Amino acid sequence: MTATKLMKVALLGNPNSGKSTLFNQLTGLRQKVGNFPGVTVEKKSGKFVLQDLEIELIDFPGAYSLYPTSKDERVVVESLCNPEDENYPDAVIYVADATNLEKQLLFFHQLRDLGFPIVLVLSMLDIAMRDGLDVNIGLLEKELGVRIIAINGRSGEQTDALKKLFYQELYQANAPSTPRLAYQFSQVENAVAQQIQEIFPKINHYHALLLAHHYKWLSRLTTEQKNKIEAINQQHGFVDLKFQIRETMQRFDRFAPILPKILKISGGERSSNTEWLDRFLTHRLWGVVFFFLIMLLTFQAIYTWASYPMDWIEWVFAWSSNQLKLLLPDAWFADLLTEGILAGLGGVLVFIPQIAILFFLISILEEVGYMARAVFLFDRLMQRFGLNGRSIVALISGGACAIPAIMSTRTIANPKERLITILVTPLISCSARIPVYTVLIGFVVPAITVGGIFNAQGLVFMGLYVLGILSALISALVFKYVLKTEGYSFLMLELPEYRMPVFKNVLLTVWEKVKSFILEAGKVIMLISIVLWFLASYGPPRQMEQARAEALSLAAAENMDDDATQDLVAARQIETSFAGYLGKFIEPVIQPLGFDWKIGIALITSFAAREVFVGTMATIYSIGSSDDEYSIRDRMAKERNPITGEPIYTLGTSLALLLFYVFAMQCMSTLAVVRKETGTWKWPAIQFFYMTAMAYISALLAYQFLG
446 MTATKLMKVA
456 LLGNPNSGKS
466 TLFNQLTGLR
476 QKVGNFPGVT
486 VEKKSGKFVL
496 QDLEIELIDF
506 PGAYSLYPTS
516 KDERVVVESL
526 CNPEDENYPD
536 AVIYVADATN
546 LEKQLLFFHQ
556 LRDLGFPIVL
566 VLSMLDIAMR
576 DGLDVNIGLL
586 EKELGVRIIA
596 INGRSGEQTD
606 ALKKLFYQEL
616 YQANAPSTPR
626 LAYQFSQVEN
636 AVAQQIQEIF
646 PKINHYHALL
656 LAHHYKWLSR
666 LTTEQKNKIE
676 AINQQHGFVD
686 LKFQIRETMQ
696 RFDRFAPILP
706 KILKISGGER
716 SSNTEWLDRF
726 LTHRLWGVVF
736 FFLIMLLTFQ
746 AIYTWASYPM
756 DWIEWVFAWS
766 SNQLKLLLPD
776 AWFADLLTEG
786 ILAGLGGVLV
796 FIPQIAILFF
806 LISILEEVGY
816 MARAVFLFDR
826 LMQRFGLNGR
836 SIVALISGGA
846 CAIPAIMSTR
856 TIANPKERLI
866 TILVTPLISC
876 SARIPVYTVL
886 IGFVVPAITV
896 GGIFNAQGLV
906 FMGLYVLGIL
916 SALISALVFK
926 YVLKTEGYSF
936 LMLELPEYRM
946 PVFKNVLLTV
956 WEKVKSFILE
966 AGKVIMLISI
976 VLWFLASYGP
986 PRQMEQARAE
996 ALSLAAAENM
1006 DDDATQDLVA
1016 ARQIETSFAG
1026 YLGKFIEPVI
1036 QPLGFDWKIG
1046 IALITSFAAR
1056 EVFVGTMATI
1066 YSIGSSDDEY
1076 SIRDRMAKER
1086 NPITGEPIYT
1096 LGTSLALLLF
1106 YVFAMQCMST
1116 LAVVRKETGT
1126 WKWPAIQFFY
1136 MTAMAYISAL
1146 LAYQFLG
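Count along the sequence shown from 1, then add 445; that gives the number in this note's numbering.
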């Protein structure tokens, strides 16, 4: 049956409650990722159909209550306290971890008092049963006055039953029942809420009380409305922190006594391997050793596992280019397709296997619960460098992409520590640097085995990541004293139970990240490849013709064959092309680093996105080249200095280029996000210049000593 009505449903719960697993079970690949209006906090939404009803499921950030302590939680409160918000739900699916039910019910009771139709989903019941904890679901339903269903997020069992229950209880009934254990207002709270309801007659009593608590930062309220609420609070002596504590304690006092009747421990004390594992994995010494072993194995896997699919992708693009040249006429559009678009895309898409492997392994670590331990393990170290323990979340996330990593700093309450984290996070090597590292490491380190098991190039690959981490920490230490950070935040982090990973979640994450990389990078690469092809293929007509004539004359004098003649003409013409003039314009600045004008072109274009470097080199070296069967790495290895005849990519030049990309801020999107998060261009400008200075100086020293 065709869906006739769209219903917005909020998926809510505490962090680590199993929300994301349920979201993936319900929506599968029918998901999209965006941002909440006006903020850079990520929002995931997906759709599924129930008979005549189409449901848009919105996966909100995890929250502990309607009293936010982070900007992620503020997004939740902002949406739920504003019926006019585009994300305001018609109903709620609330996910609670059955192994930690007492903490999970605070937020649930607040949502009930807001008046939302709600279904309670108990997750991780299999873990509770394993640990000897029996949950009396029938009695819990009676006490809470809400329908409850237990699901198995790993197998998807009961997902269809949840959909049926939702349809019957929340859509067909379409009205919430009277909340059980509702909050009992004090005399002051009652008076304040009643007067606020006179200003906003469509909201309920508890909603009005939340406005009394949060009016100062709620963006939907006008200045006049905020002034009125402030006057009401002052009139009745309403102190928000005092009454927040009162509400929280009353809610716990009302539902805590019923839990012993609902939760029964069978077979003695609950047993778990989590504590035993944590003795080793969070140990000050052995925990750090294990962490670095995991990282080492990760980077070894990136090089070892990815080699075969990378070779296959290179072969496909080379074969496609040759076939198209045979089929298409000798015209400009054929050159654009084979030398511009295919060369640029092939030079980047070949690295998708490495990116997929990286996200696959990181997702498994997150699924099993290890990443939270890494945060805990390095908390004390972060504090010494002027960072917050939560900064490690951004730094680890920066290994994938700096943009969501910078967004994740919203969980850091201290503004100075948050700013320092934002400023140093782009120094962590992100996935966009993988193509650059992979190409250039081959010129610095031979493909040999160290100690009989370790790939030498993989070790250097990890070394570049370690270098980025060390530079981020040293920069943070400098900013700690320059910015004179006042006070420190304390890390409050839940360490979830160790669990077997849900591979459907892992694969969905990999698919989402790879798809995002292809689409986002693909748009930039496609545009830049076309522009570059034009700039490298055309130039001032007189100079281009003169370069061609000189090349043909020299080829005749040297008695060159057709292929050598074609390469010489291409080399001379690209030098007099528009791209050649652009590269030569900046060549005096980059020449002390061992970079020529062709590398200069790649440096300029890769400011759009770091990964464009490889696509740029593929485009430049493929213009007029007869060696289409060679990969970009082979083409770069064959490149020679026209004066000395020496290879362009020597040890000194390649190492200098590697170091330049380790430190340089070459990502316009990251700068834009920093501008959005800090609210000014001052900090992105400082970030750009200090990172560029680090990149230039380190590359200069590397080339001058090794070149």
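Glycine included, each C-beta is placed from N, C-alpha and C at the ideal position. All values derive from a computational prediction rather than experimental measurement.
Roughly how many whole angstroms lie between the Cα atoms of residue i and residue j?
i, j, result
"leucine 1104", "arginine 993", "37 Å"
"tyrosine 628", "threonine 514", "21 Å"
"leucine 868", "threonine 1125", "13 Å"
"aspartate 723", "proline 941", "11 Å"
"histidine 728", "tyrosine 943", "16 Å"
"methionine 1110", "proline 871", "7 Å"
"tyrosine 933", "glycine 814", "Any answer about tyrosine 933 is weak, because its pLDDT of 47 lies below 50 and its placement is not dependable; what the coordinates show is given next. Going from the Cα of tyrosine 933 to the Cα of glycine 814 covers about 26 Å."
"glutamine 902", "tyrosine 1106", "17 Å"
"glutamine 496", "arginine 835", "44 Å"
"leucine 781", "aspartate 1041", "24 Å"
"tyrosine 651", "isoleucine 1142", "59 Å"
"leucine 864", "glycine 1028", "35 Å"
"arginine 1017", "proline 986", "13 Å"
"glutamine 603", "proline 506", "24 Å"
"valine 911", "arginine 696", "47 Å"
"glutamate 1020", "leucine 997", "15 Å"
"lysine 687", "valine 637", "14 Å"
Would residue i pass as a contact of residue j if the rule is Cβ separation under 8 Å?
i, j, result
"glutamate 501", "lysine 450", "no"
"valine 540", "glycine 463", "yes"
"phenylalanine 611", "valine 564", "yes"
"glycine 831", "leucine 922", "yes"
"glutamine 640", "isoleucine 677", "yes"
"phenylalanine 804", "lysine 958", "yes"
"isoleucine 837", "valine 820", "yes"
"leucine 467", "isoleucine 596", "yes"
"phenylalanine 802", "alanine 839", "Note on identity: in this sequence residue 802 is isoleucine, with phenylalanine being the wrong assignment. No, the Cβ-Cβ distance between isoleucine 802 and alanine 839 is not below 8 Å."
"alanine 543", "serine 510", "no"
"isoleucine 809", "valine 951", "yes"
"methionine 913", "leucine 822", "Reading off the sequence shown, one finds glycine at residue 913, where the question assumed methionine. No, they are not a contact pair."
Reducing DSSP to helix, strand and coil, say where residue i ends up.
i, result
"tyrosine 539", "strand"
"threonine 1123", "helix"
"valine 633", "helix"
"serine 1071", "Annotation note: pLDDT 42 at serine 1071 (below 50); position unreliable, coordinate value reported separately. Coil, per DSSP."
"phenylalanine 899", "strand"
"alanine 595", "strand"
"lysine 516", "helix"
"threonine 894", "strand"
"aspartate 1041", "coil"
"methionine 446", "Low confidence applies here, because methionine 446 scores a pLDDT of 45, under 50, leaving its location unreliable and the question unanswered by this model."
"glycine 483", "Per-residue confidence for glycine 483 stands at a pLDDT of 44, beneath the threshold of 50, marking its modelled position as unreliable; no derived number is given."
"valine 684", "coil"
"valine 947", "coil"
"lysine 647", "coil"
"leucine 578", "strand"
"leucine 708", "strand"
"serine 568", "strand"
"methionine 755", "helix"
Sort out for me which residues DSSP pairs residue i with in a bridge.
i, result
"isoleucine 563", "Val537"
"arginine 1085", "Pro1092"
"glutamate 499", "Leu451, Val494"
"leucine 456", "Asp504, Ile538"
"lysine 1029", "In the DSSP output, where bridge partners are listed per residue, lysine 1029 has none listed."
Excluding the five sequence neighbours on either side, which residues of its own chain have a C-beta within less than 7 Å of the C-beta of residue i, listed in chain order?
i, result
"lysine 960", "none"
"valine 633", "His681, Gly682, Phe683"
"leucine 1145", "Pro1037, Leu1038"
Kindly list the residues whose CB is nearer than 6 Å to the CB of residue i, restricted to its own chain and excluding five residues on each side of it in sequence; keep chain order.
i, result
"alanine 1140", "Phe1105, Phe1108, Ala1109"
"glycine 713", "With a pLDDT of 41 at glycine 713, under the threshold of 50, the modelled position of this residue cannot be trusted; read the value that follows with caution. So no residue of the chain qualifies."
"leucine 953", "Asn469"
"tyrosine 512", "Gln689"
"asparagine 545", "none"
"alanine 1024", "Leu980, Ala981, Ile1046"
"arginine 665", "Asn527"
Could one say the Cβ of residue i lies closer than 8 Å to chain D's Cβ atoms, at least one of them?
i, result
"glycine 463", "The chain labelled as chain D is not found in the depicted structure, where only one protein chain is given."
In chain order, what residues of the same chain have a beta carbon less than 8 Å from the beta carbon of residue i, not counting five sequence neighbours either side?
i, result
"serine 1022", "Leu980, Ala981, Ser982, Tyr983, Gly984, Met989"
"serine 716", "Because serine 716 carries a pLDDT of 47, less than 50, the predicted location of this residue cannot be relied on, and the following value inherits that uncertainty. Contacts found: Asp576, Gly577."
"valine 895", "Ala901, Leu904"
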